[in-house]
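In the working numbering, the protein residues as written are 2 to 301. The C-beta atom is built at its ideal place from N, Cα and C for all residues, glycine as well. For reference, the structure discussed in these notes is given below.
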RNA sequence: GGGCAGGUGGCAGAGUGGUCAAUUGCAUGAGACUGUAAAUCUCACGACUUAAAGUCUACGGGGGUUCAAAUCCCUCCCUGCCCA
């Protein structure tokens, strides 16, 4: 059985992925699967640059707005849901197009990286976060020698998650395997640094005009039906970038000016981290225009 | 005009005779990531050379004291606050 064909579109934040994806979907009878760790959440709209209904131009989009931002979504969740979506799209005889900025999610999907299904354990996390990385590493070494060999001993997030999994399974973490599951064409949108910075800053201004601050405020304050509480500032800080720094602004920890300036540099730094990841991926075809992309897809 | 406090690397800001090319934070650059990934983490960061050692130029300008000065003295310039 030959592997199903899919298109993957990657690119730094503010490089124009969503738009390109829609154009390609229209041309090649496709549906889009978003690979974005923040756009999966309901209510995070302006801040994540989520595509709007009119912008979709009738193209179905998957994995947007699928859960509450109170909940924790992981690469494993993404993999399962994205696989399902791909199956459905193929069944309809349409072309699946993965588009998004979360490189880790895309790799997990494409290489069928097997991750455990252990859910987050907030109590344990809270407890473990009191400890230093040295202590955490020591515990991990006792409980799972193999994982301790590969983990970054300075990285609290990873150490805590590793311990969380052992706590739940009570056995060492199985080795991950890597196997290409799809026949994918990876297209990356290339953009020079100058334009990238320009886009980031312009887009941020635009979002603020569109009511970004209000969006964050509402997420925090709104008295939802069914007694649900607003999103805590703490959770917003975990969500990062716009949500993190606007939360700080709303808490009066920084002025609006400071917040905007900080966001500009933080978003730029994020974009660079994205690129660090993709630079290693030799399968990505970097393109500058839509035409180049179309040519490639035709051949594919 | 008088009094006081200051001027340090792209910025903020330590240091107050030798261990100072100078703590730290920010910015910047490079990188990691295979179980929270917009998160989290690592390294570099005066110049030249780079493996190490080394050389040079540097703590507002100029001069001085000293074996040795970012650090002490003199002088000039500049900034902030206070009194006229």
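Excluding the 5 residues flanking it on each side, residue 52 has same chain C-beta neighbours closer than 7 Å at 19, 62, in chain order. Counting other Cβ atoms within 10 Å of its Cβ, residue 13 reaches 16 or more and is therefore classed as buried. In this structure, residue 83 and residue 116 do not form a Cβ contact; the two beta carbons are roughly 13 Å apart against a cut-off of 8 Å. Residue 35: member of the beta strand (DSSP E) spanning 31-35, first to last residue.
Secondary structure at residue 298: helix, using DSSP grouped into helix, strand and coil. In the structure shown, residue 130 adopts coil according to DSSP, grouped into three states. Shown here for residue 91: same chain residues with a beta carbon closer than 8 Å to its own, the five before and five after excluded, namely 5, 97 in chain order. Residue 221 sits buried, since 16 or more C-beta atoms from the chains shown fall within 10 Å of its C-beta. Positions of the beta strand (DSSP E) runs, each at least 3 residues long and wholly inside the region 8-53, are given as 31-35 in order along the chain. Fewer than three pairs of CB atoms, one per stretch, sit closer than 8 Å, so the region 206-221 makes no contact with the region 35-42.
Judged by pairs of C-beta atoms under 8 Å, the region 275-290 does not touch the region 249-262, as fewer than three such pairs exist.
Here residue 149 carries a helix assignment [DSSP, helix/strand/coil]. Within the same chain, and ignoring the five residues on either side of residue 89 in sequence, no residue has its Cβ closer than 7 Å to its Cβ. CA-CA distance, residue 121 to residue 48, rounds to 25 Å. By the C-beta density criterion, residue 152 is buried, having at least 16 other C-beta atoms within 10 angstroms.
Counting every other CB atom within 10 Å of its CB across the protein chains shown gives residue 138 a total of 16 or more, marking it as buried. If the five residues before and after residue 211 are omitted, its C-beta is found closer than 7 Å to the C-beta atoms of 47, all from its own chain and listed in chain order.
Contact between residue 264 and residue 70 does not hold, since their C-beta atoms are separated by about 19 Å, which reaches or exceeds 8 Å. Sequence-distant Cβ neighbours of residue 296 in its own chain, meaning closer than 6 Å and more than five residues away, do not exist here.
The residue from 273, 33, 65 with its alpha-carbon nearest to that of residue 195 is 273.
For residue 222, the enclosing alpha helix (DSSP H) has its first and last residue at 213-222.
Under a 10 Å Cβ-count criterion, residue 75 is classified as buried, with 16 or more other Cβ atoms of the shown protein chains found around its own Cβ. Bounds of the beta strand (DSSP E) holding residue 184 are 184-190. Judged by DSSP in its simplified three-state form, residue 100 adopts strand. The region 70-101 contains, as complete alpha helix (DSSP H) runs of 4+ residues, the segments 76-92 (chain order). In the displayed model, residue 251 falls within a helix according to three-state DSSP.
Under the 10 Å beta carbon count, residue 103 is surrounded by 16 or more other beta carbons and is classified as buried.
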